[in-house]
Structure formats: C-alpha cells, structure tokens
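J.:
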Amino acid sequence: MLRWSLLGFTALLASCAGMVPKGRPKPATPPPPAEAPVQDGLLGDKARHRIALLVPLSGPNAAVGQSIANAAAMALIDTGNKSVRMTTYDTAAGAAGAASRAVADGNRLFLGPLLSEDAAAVAPAARKAGIPVVSYSNDAAVAGNGVFVMGFSPTQSIDRVVHFARSKGIKRFAALVPVGVYGRNASTAVIRSVESADANLVAMKSYERNSKSLQKAIADLGRSQAYEGVLIADNARLAISAVPLIRKISSQQARVLGTELWAAEPSALTAPALNGAWYASVSDSRYRQLAASYRRQFGKAPFRLASLGYDSMLLVVKIARDWKVGERFPADRLRDEDGFVGVDGAFRFGPTGVAQRALEVGEATPSGVKTVSPAPTSFKE
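Counting in this note's numbering, the sequence shown tops out at residue 388, every number present.
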C-alpha cells in the first residue's frame, strides 16, 4: 500500500491555515536566494539538512519559479519540520553557476531545476559532489546517473488516455503533434501506446504553432483512412482552435483526446469545442486545496507546477526522518517501490529515474471536468 508522506493532507492545510493573517492577504516574503550573504550561516549550520532549490527567480520564467519556491516553503511550514534548511538559487543567469554555489554551500540535495537544459547543466557539478538532482523537468532524456525527473510526463498521459479510449472501443487513432521536443516525445509515446493497446495508428501529422500550419496538418489527416480517436498533443487552447477544423475538413465523429497539458487550463475545458474530449492527468482534488491555501497566504493563485515544489519537499521531509544530518542524501530511498503520495497523488521514481504517476482520465464538459476513470490508489492496481 502507498504510504502518506505525512500524517495527512487535511492536517497539513489546517496547520497552514494558522499562518494566514486576518484581513487582506499580503504577499509573503519568498525564500532567500543564494546570492544573499548567507554563506557563513549555511556552512555553520550543522544541525539541519541543507537542501538547494534551483529555480528561475528572474527572467521570463521567474513567476513560475517563485510559485514553486513558495509552495516548497509552505510544505516545510505545513509539516512543522525543523530539520531541513532550504535555500533558493536563481538559475536564470546560469544553472551551472547556481549549482556550483549550491555545492559550495554544503547542500546535500538539489530540488529543481525547472527546464531540461538546466537539468543537464547542473548534472556534472552535482554528480561530482555526489548530490542527487530531483528535477522539475518533464523531459525523460535528462534522467539517469543521479538525475531524477519529477515533471508531468506526456508519455504517461498519452499512454493512459489511449488505453482508456481503447477500452471504450476506439481502435483507429490519429494524432496531431507540435514541432519541438514535446512533440517528438509525444510522437514516440503515441506510437508505443497505440501498439501496446493493440490498436492502429492510421495517421500522425506535425505542425508549427501557427494557424496555417495547423490547418494543413488537419487537412492531411482528412486524406487519411477513417479514424475514431484523434489525440491533440498540445495545450487546451490550441485544441479549441483545432477541433472546429477537424470537424469541418477531417472527421465529424472522432473522439478528441488530450494530454496532461490540459490540466493547467481548467477554464478552457468548458469550451463547447472540447465537450466530450478525454485527457489524462494527475487528480486536481488535493491541488485545489493547496491552491486555496496558497492564495490566502500569498494573495494570488499559484502556477500549476507549484505542486511539484510542494510534493518534492514532502518527499524530503519523509526521508529526513531517518536521514542523519551531515551524511549524504540517501538517494536509494527515492526508488521506494511503494512510492509517495502528495498533492498530485501517487508517484514513484522508476528504474530510469522518471516519476511514474497514478493518473485519472477526465472528460471535458460545459460545466467542468468529469472524472470518467479514477486514478489508481496504488501501483499494485
């Protein structure tokens, strides 16, 4: 059976609520960046585990990085943990440099970075120092040799929704995938998932993210053999643009399928174009509670990826219970086959170092998302 990383999420949010000031919420002070003059304090802190949080705190991804950092800090406070010291390091000016500073400060574990190229950049310094990296990237290519990938994988999302669709009688699939890294990963996932589901992939077309290219890709689908399900490996808003074209020039009946990207745009999923579409993602039930607590604390909504910061810190707190201060982080504990449970449900790191997640299948409706296949509660189901 899966074990809670903590006593229970309700208790966590209850303790978190005690932090919230009355009256109009005020933004909380973010965790201090490494560039602050705290090196002496870090090196002199022999009583706590030192954890480095590597996220962008400046540049175009600063808001996402700060949201992750805030959520990680919330997890420490919510659990009442006193044995872990987290220091944030800005990766925007150079992830390799941030990693070097984190190593020099005596950190024993890296949480982050966010981007796959940054994960690749920090890996050499981390590996040399014997420091595991729990990256928030979703690119499986950077996993392995001390790097773990915790981000939401399109591979697992596509596999889950394809197998669900197959169980509902859909046997002939088509796919639209964007040009780029995500599209390449999605293409591979579609091919493997359809094959493992004992189904047929009758067409797959790629497109640049502009209306002319998308329309051409859909027109090419229209010249393919009839398909019963079409997977759009992109965000929900692009899918909203694509579906009317699919209905007009390609297929009026095919079931529309999406990926985990749709979970980040709940308001878009009520659009008439997506009515009846299926997609697989982590459950949002606990995340909604976290988001409400976050809004009370920081006065604004978190980015969806904030849950990665929260859950990664829950993982650290759980392992810290029997991790002796001053010793290397016990990386073998990350491979606990029973896994962990957090805001985003059950997860565990597989043999390749990529997080395996228990995913649910949701159906888009005008009144919101309806769960049509719940996430497994354990990896034995």
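Cβ atoms here follow ideal geometry from the backbone N, Cα and C, with glycine treated the same way.
No experiment lies behind these values; they were computed from the predicted model shown.
Which class does A233 belong to by DSSP, given the choice of helix, strand or coil?
T.: Sequence index remark: in the sequence shown, residue 233 carries index 226 (1-based). Correct three-state label for A233: coil.
J.: Measure the C-alpha to C-alpha separation of L228 and Q259 and round it to an integer number of angstroms.
T.: The count along the sequence shown starts at 1 and reaches residue 228 at position 221. The count along the sequence shown starts at 1 and reaches residue 259 at position 252. Rounded to the nearest angstrom, the two C-alpha atoms are 12 Å apart.
J.: Just to confirm, is the Cβ distance from S160 to A147 under 8 Å?
T.: Walking along the sequence shown from the start, residue 160 turns up at place 153. Walking along the sequence shown from the start, residue 147 turns up at place 140. A contact, by the Cβ cut-off of 8 Å.
J.: Hey, A338 and S385: beta-carbon distance below 8 Å or not?
T.: For this step, residue 338 is matched to residue 331 along the sequence shown. For this step, residue 385 is matched to residue 378 along the sequence shown. Contact: no.
J.: What is the DSSP secondary structure of N207, reduced to helix, strand or coil?
T.: Numbered from its first residue, the sequence shown carries residue 207 at position 200. Residue state, collapsed to three classes: strand.
J.: I'd like to check one pair, Y286 with V168: are the Cβ atoms closer than 8 Å?
T.: Taking the sequence shown and counting its residues from 1, one reaches residue 168 at position 161. Taking the sequence shown and counting its residues from 1, one reaches residue 286 at position 279. Yes, they are a contact pair.
J.: Would you call the CB atoms of L221 and Y214 closer than 8 Å?
T.: Stepping through the sequence shown from its first residue, residue 221 is reached at position 214. Stepping through the sequence shown from its first residue, residue 214 is reached at position 207. Yes, the Cβ-Cβ distance between L221 and Y214 is below 8 Å.
J.: Is it right to say N217 is buried, meaning 16 or more other beta carbons lie within 10 angstroms of its own, or is it exposed?
T.: Counting from one through the sequence shown, the residue named residue 217 turns up at place 210. Per the 10 Å Cβ criterion, exposed.
J.: Run the CB neighbour count on F16, radius 10 Å, all protein chains shown included, and call it buried at 16 or more, exposed below.
T.: Translated into positions along the sequence shown, residue 16 becomes position 9. Low per-residue confidence applies at F16: pLDDT is 42, beneath 50, and the placement is therefore not dependable enough to give any value.
J.: Does DSSP put K223 in a helix, in a strand, or in coil?
T.: Translated into positions along the sequence shown, residue 223 becomes position 216. Residue state, collapsed to three classes: helix.
J.: Along the beta strand (DSSP E) that carries I58, what are the first and last residues, could you check?
T.: As a working mapping, residue 58 is identified with position 51 in the sequence shown. From DSSP, the beta strand (DSSP E) with I58 extends over H56 to V62.
J.: What is the DSSP secondary structure of T95, reduced to helix, strand or coil?
T.: Position 88 of the sequence shown, counted from the start, is the residue given in the question as residue 95. Residue state, collapsed to three classes: strand.
J.: Taking 7 Å as the limit between beta carbons, can you name the residues of its chain near N282, skipping five residues before and five after?
T.: The residue labelled residue 282 in the question sits at position 275 within the sequence shown. Same-chain partners within the cutoff: A371, T372 and P373.
J.: Taking C-alpha atoms, which residue in I253, A284 and K178 lies nearest to T378?
T.: By 1-based counting over the sequence shown, the position of residue 378 is 371. The shortest Cα separation from T378 among I253, A284 and K178 belongs to A284.
J.: How big is the Cα-Cα spacing for P44 and R108?
T.: The residue given as residue 44 occupies position 37 in the sequence shown. The residue given as residue 108 occupies position 101 in the sequence shown. Any answer about P44 is weak, because its pLDDT of 40 lies below 50 and its placement is not dependable; what the coordinates show is given next. Approximately 12 Å, taken between the alpha carbons.
J.: Going by CA-CA distance only, name the one from P67, S257 and V110 that's closest to L122.
T.: Start at 1 with the first residue of the sequence shown, and residue 122 comes out as number 115. Of the candidates P67, S257 and V110, the one whose C-alpha sits nearest the C-alpha of L122 is P67.
J.: Rounded to the nearest angstrom, what separates R179 and V71 at their Cα positions?
T.: By one-based count along the sequence shown, residue 179 stands at place 172. By one-based count along the sequence shown, residue 71 stands at place 64. Rounded to whole angstroms, R179 to V71 spans 38 Å at the Cα level.
J.: Have a look at A196, I253, A243 and Y234 and flag the residue whose alpha-carbon is nearest the alpha-carbon of A224.
T.: Stepping through the sequence shown from its first residue, residue 224 is reached at position 217. Nearest option by C-alpha distance: I253.
J.: Less than 8 Å between the C-beta atoms of A323 and V91, yes or no?
T.: Working through the sequence shown from its first residue, we reach residue 323 at position 316. Working through the sequence shown from its first residue, we reach residue 91 at position 84. One point to set straight first is that residue 323 is Val, not Ala, in the sequence displayed. Going by C-beta atoms, V323 is nearer than 8 Å to V91.
J.: Roughly how many angstroms lie between the CA atoms of G151 and S288, to the nearest whole one?
T.: Stepping through the sequence shown from its first residue, residue 151 is reached at position 144. Stepping through the sequence shown from its first residue, residue 288 is reached at position 281. Their backbone Cα atoms lie some 24 Å apart in a straight line.
J.: I'd like to check one pair, A132 with V110: are the Cβ atoms closer than 8 Å?
T.: Counting from 1 along the sequence shown, the entry for residue 110 is found at position 103. Counting from 1 along the sequence shown, the entry for residue 132 is found at position 125. Contact: yes.
J.: Got a sec? Which residues, its chain only, sit under 8 Å from V332 by beta carbon, not counting five neighbours each side?
T.: Residue mapping note: residue 332 aligns to position 325 of the sequence shown, counting from 1. Counting only Cβ-Cβ distances below 8 Å, and skipping sequence neighbours, we find K53, A54, R55, H56 and S90.
J.: Just the Cα atoms here: how many angstroms apart are L83 and K325?
T.: To locate residue 83, count along the sequence shown from 1; it is residue 76. To locate residue 325, count along the sequence shown from 1; it is residue 318. C-alpha separation (whole angstroms): 11 Å.
J.: Check whether the Cβ atoms of I239 and A233 sit closer than 8 Å, and answer yes or no.
T.: For the purposes of this step, residue 239 is identified with residue 232 of the sequence shown, where counting begins at 1. For the purposes of this step, residue 233 is identified with residue 226 of the sequence shown, where counting begins at 1. No, they are not a contact pair.
J.: Which one or two residues does DSSP pair with G349 in a beta bridge?
T.: In the sequence shown, the residue the question calls residue 349 occupies position 342. G352, per the DSSP bridge assignment.
J.: Here's the rule I'm using: 16 or more other beta-carbon atoms within 10 Å means buried, otherwise exposed. How should G187 be labelled?
T.: Here the question's residue 187 lines up with position 180 in the sequence shown. Its Cβ having fewer than 16 others within 10 Å, G187 is exposed.
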